[in-house]
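See structure below.
Here it is, written out as structure tokens:
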């Protein structure tokens, strides 16, 4: 069995045990890099490569020390890339907010529009309010870049049904997001 035929879990175990570790880690990198870049880019455009590199370095370190995921390696990597991208976005946002007073010096009555800082949280809350099936379909299609025909066998339906679920999920996500924008405390927080 070639290294490219092994499951993510077996590859991670090889890295953990030091058996063909470099090849195993390279295969994990090759398999998941594109998805991780899409996740990180959606959070912190322009710094996605760094966030993904940090996620992979973190995984390598934890595997070499004998730890790390024994299942769900892809999910582990996605969560790690997402968290690193969020941390970078947070640092970026804090530096922008810190620079706002200097940018506005001498402009009486002008207040910065920081509504964009809350958009990620609003979208996340709206996504969590979707049904598990809607979340699964949207995540697979929009984040992982999969096609309805790829997802159909996993969900036990045809590609048209997957597309219909995705259409309803997008519409519901939009409605939930916009409803939050209309809430008084969200308007005050912005």
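Residue numbers (the numbering used here): 1 to 190.
Backbone N, C-alpha and C fix where the C-beta goes; we use that ideal spot for every residue, glycine too.
Compare the beta carbon distance of residue 162 and residue 134 with 8 Å and say whether it is the shorter of the two.
By the CB criterion at 8 Å, residue 162 and residue 134 fall outside the cutoff.
Quick check on residue 72: does DSSP put it in helix, strand or coil?
Of the three classes helix, strand and coil, the one that applies to residue 72 here is coil, per DSSP.
Rounded to a whole number of angstroms, what is the C-alpha to C-alpha distance between residue 29 and residue 72?
The alpha-carbon atoms of residue 29 and residue 72 are separated by roughly 15 Å.
Inter-residue spacing [alpha-carbon to alpha-carbon] between residue 177 and residue 129
C-alpha separation (whole angstroms): 10 Å.
Apart from the five residues just before and just after residue 74, which ones in its own chain have a Cβ nearer than 7 Å to its Cβ?
So the list reads 8, 32, once near-sequence residues are dropped.
Distance check for residue 61 and residue 125, CA to CA, integer angstroms please.
Roughly 32 Å separates the two Cα atoms.
Could you check the C-alpha separation between residue 92 and residue 156 for me, to the nearest Å?
Here the alpha carbon of residue 92 sits roughly 42 Å from the alpha carbon of residue 156.
Taking the straight line between their C-alpha atoms, what separation do you get for residue 66 and residue 4?
When rounded, the distance between both Cα atoms is 22 Å.
My assumption, with CB atoms under 8 Å, is that residue 88 sits in contact with residue 47. Please give the rounded CB distance.
With a Cβ gap of about 5 Å, residue 88 and residue 47 count as contacting.
Cα-Cα separation, residue 127 to residue 173:
Those two C-alpha atoms are separated by around 6 Å.
Specify the secondary structure class of residue 61 as computed by DSSP and reduced to three states.
If DSSP states are grouped into helix, strand and coil, residue 61 belongs with the helices.
Please state whether DSSP places residue 13 in a helix, a strand or coil.
Of the three classes helix, strand and coil, the one that applies to residue 13 here is helix, per DSSP.
Could you give the DSSP three-state label for residue 45: helix, strand or coil?
Residue 45 falls in the coil class under three-state DSSP.
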